[in-house]
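Trainee: A single structure is presented below for examination.
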Amino acid sequence: MNCQISQYVSKNRSSLQNKLFLLLIMICCTMMLFSCADSSNKKIKIGLSMDSLRVERWQKDRDIFIAEAEKLGADVIVQSADGDERKQNEQAENMITQGVNVLVVIPKDSVAASQIVKAAHAEGIKVIAYDRLIRESEPDLYISFDNEQVGYLQAEYLLRKKPEGDYFLLGGAPSDNNAQLLRKGQLRALQNSIDKGDIRLVAEGKHWAVNWDPNDALNKTEQVLTQTNNQIDVVVASNDGTAGGVIQALEGQNLAGKVFVSGQDAELAACQRIVKGTQTMTVYKPIRLIAKEAAQAAVALAKGETLEKAKQKVNNGKIDVPSILLTPIQVDKDNLDEVVIKDGFHSREKVYQTE
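Those letters in the sequence shown? Residues 65 to 419, by this note's numbering.
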């Protein structure tokens, strides 16, 4: 009798253990399913690290980027470094700590920002260099316009307008890789005419506007006007902000509208100057296109997807960075309406100041 009871208890204990084991397996599977569901439903978080928001175009980049990223279901953290490279690195570290999936960086300094790439990669975070190449590191993507071509378009246009004369080349921030590419493109357009003696570079073409500052552009142009006794026919200004400083200096000598001046970015003030006749041209880089492409690429990288559009390569001194290079457009008074206004970048009322 005792033997039968013992067998019964043993049998039921074994059955109970099996049931408990199965229950534990079911609980574990359920927790894993909920964990996977939570992971798949977790929002992508993108960090947008910006050099500054002082220039009008960067405000547009920010707004369009955020709108596109949110449309794709991502959250965006934006921080602006106010032109301070150390501050930008600190802000990027902060966004890494906040757990962003991707960092999109508009670097203040193309070399200093390499530390951002290294810090992000140490945490498994992808990095996109936006419109400015990050050097001496391994960013996952570079998206920009062909900046050497932008410089070429500036100088080529002015050369057609003034094939002979005295040219002043005013670059942007020397710490910005784009400024170097622009100068390279400008000289590619001008070199043959320089070699033939058709055009002469005043101040040896060595001037750069610190931090792309219009006030610095104003001061440097005033200095060159004094040195040359106002003998300047063309100013190849590398963006619209510096063009504004140049034109202010020319106005002081009653030369505005008489000297050909280039620009870049199709800022509202520059478009108004083109209408007025004090700025000759600008180069339009469709901001809507680059900002949307960058947001789409950031979301794709966060999902671990392959970037099919990154078919080009740009060497940054360390690697050939996968790149998406978009096409810039020359703009003057003849196609301003068709290109800039039609694209919705500025309204006709604001450009022609009829509001």
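For each residue, glycine too, the CB sits at the ideal point set by N, CA and C. Predicted, not measured: the structure shown is a model, and the values here were computed from it.
Using three-state DSSP, classify P386 as helix, strand or coil.
Mentor: By 1-based counting over the sequence shown, the position of residue 386 is 322. Here P386 sits in strand by DSSP.
Trainee: For a quick check, are the C-beta atoms of V266 and V300 less than 9 Å apart?
Mentor: The sequence position of residue 266 within the sequence shown is 202, counting from 1. The sequence position of residue 300 within the sequence shown is 236, counting from 1. Going by C-beta atoms, V266 is not nearer than 9 Å to V300.
Trainee: Terminal residues of the continuous beta strand (DSSP E) containing F209?
Mentor: Working through the sequence shown from its first residue, we reach residue 209 at position 145. It spans 205-209 - the beta strand (DSSP E) in which F209 sits, taken as one unbroken run.
Trainee: Is it buried or exposed, P171, if we count other Cβ atoms within 10 angstroms and call 16 or more buried?
Mentor: Residue mapping note: residue 171 aligns to position 107 of the sequence shown, counting from 1. So P171 counts as buried.
Trainee: Mapping the DSSP letters down to three states, classify V119 as helix, strand or coil.
Mentor: Locating residue 119 in the sequence shown gives position 55, counting from the first residue. Residue state, collapsed to three classes: coil.
Trainee: Given this structure, state the Cα-to-Cα distance separating Y216 from A358, to the nearest angstrom.
Mentor: Indexing the sequence shown from 1 puts residue 216 at position 152. Indexing the sequence shown from 1 puts residue 358 at position 294. Using only the alpha carbons, I get a separation of about 24 Å.
Trainee: Express the C-alpha separation of R264 and A156 in angstroms, rounding to a whole number.
Mentor: For the purposes of this step, residue 156 is identified with residue 92 of the sequence shown, where counting begins at 1. For the purposes of this step, residue 264 is identified with residue 200 of the sequence shown, where counting begins at 1. A156 and R264: Cα-Cα distance of roughly 44 Å.
Trainee: If you scan the stretch 336-411 from start to end, which runs of the alpha helix (DSSP H) of 4 or more residues do you find wholly inside it?
Mentor: Taking only runs of at least 4 residues, the alpha helix (DSSP H) segments lying wholly in the stretch 336-411 are 351-366.
Trainee: What would DSSP say about G261, mapped onto helix, strand or coil?
Mentor: Translated into the one-based positions of the sequence shown, residue 261 becomes position 197. The answer is coil: DSSP assigns G261 none of H, G, I, E or B.
Trainee: Which residue comes first and which comes last in the beta strand (DSSP E) that contains D230?
Mentor: For the purposes of this step, residue 230 is taken as the residue at position 166 of the sequence shown. That run of the beta strand (DSSP E) goes 229-235.
Trainee: Rounded to a whole number of angstroms, what is the C-alpha to C-alpha distance between A374 and I108?
Mentor: Position 310 of the sequence shown, counting from 1, holds the residue named residue 374. Position 44 of the sequence shown, counting from 1, holds the residue named residue 108. Spanning the two alpha carbons is a distance of roughly 21 Å.
Trainee: Compare the beta carbon distance of V274 and P238 with 9 Å and say whether it is the shorter of the two.
Mentor: One-based indexing of the sequence shown puts residue 274 at position 210. One-based indexing of the sequence shown puts residue 238 at position 174. For V274 and P238, yes; Cβs fall inside 9 Å.
Trainee: For the alpha helix (DSSP H) holding S178, just list the boundary residues, first then last.
Mentor: The residue labelled residue 178 in the question sits at position 114 within the sequence shown. Taken as a continuous stretch (DSSP letters only), the alpha helix (DSSP H) holding S178 covers 178-186.
Trainee: Just the C-alpha distance for N153 and E413, rounded to the nearest angstrom, thanks.
Mentor: Locating residue 153 in the sequence shown gives position 89, where the first residue counts as 1. Locating residue 413 in the sequence shown gives position 349, where the first residue counts as 1. About 40 Å.
Trainee: Please report the residue range of the alpha helix (DSSP H) in which G111 lies.
Mentor: The residue given as residue 111 occupies position 47 in the sequence shown. That residue, G111, is in no alpha helix (DSSP H); its beta strand (DSSP E) goes 108-114.
Trainee: Distance check for I393 and E402, CA to CA, integer angstroms please.
Mentor: If you number the sequence shown from 1, residue 402 lands on position 338. If you number the sequence shown from 1, residue 393 lands on position 329. Using only the alpha carbons, I get a separation of about 11 Å.
Trainee: Leaving out the 5 sequence neighbours to the left and right, which residues in its chain are closer than 7 Å to I128 when beta-carbon positions are compared?
Mentor: As a working mapping, residue 128 is identified with position 64 in the sequence shown. Excluding sequence neighbours, I128 sits near I351, R352, A355, K356.
Trainee: Mapping the DSSP letters down to three states, classify I192 as helix, strand or coil.
Mentor: The count along the sequence shown starts at 1 and reaches residue 192 at position 128. In the structure shown, I192 sits in a strand (DSSP, three-state: E or B).
Trainee: Comparing C-alpha positions only, which one of V175, T306, A333 sits nearest to N241?
Mentor: Taking the sequence shown and counting its residues from 1, the one referred to as residue 241 is at position 177. Ranking V175, T306, A333 by Cα distance to N241 puts V175 first.
Trainee: Spatial neighbours of S326 within its chain, please: C-beta separation below 6 Å, excluding the five flanking residues on both sides.
Mentor: Here residue 326 refers to the residue found at position 262 when the sequence shown is read from its first residue. These residues qualify, in order along the chain: Q218, L222, V300, A301, M345.
Trainee: Runs of 4 residues minimum, wholly inside the stretch 270-345: which ones carry the alpha helix (DSSP H) assignment?
Mentor: With a minimum length of 4 residues, the continuous alpha helix (DSSP H) runs that stay inside the stretch 270-345 are 278-292, 304-316, 332-340.
Trainee: Could you check if E212 is buried or exposed, using at least 16 other CB atoms within 10 Å of its CB as the buried criterion?
Mentor: By one-based count along the sequence shown, residue 212 stands at place 148. By the neighbour-count rule (16 or more Cβ atoms within 10 Å), E212 is buried.
Trainee: Using the Cα positions of Q336 and H185, report the straight-line distance between them to the nearest angstrom.
Mentor: Taking the sequence shown and counting its residues from 1, the one referred to as residue 336 is at position 272. Taking the sequence shown and counting its residues from 1, the one referred to as residue 185 is at position 121. Their backbone Cα atoms lie some 44 Å apart in a straight line.
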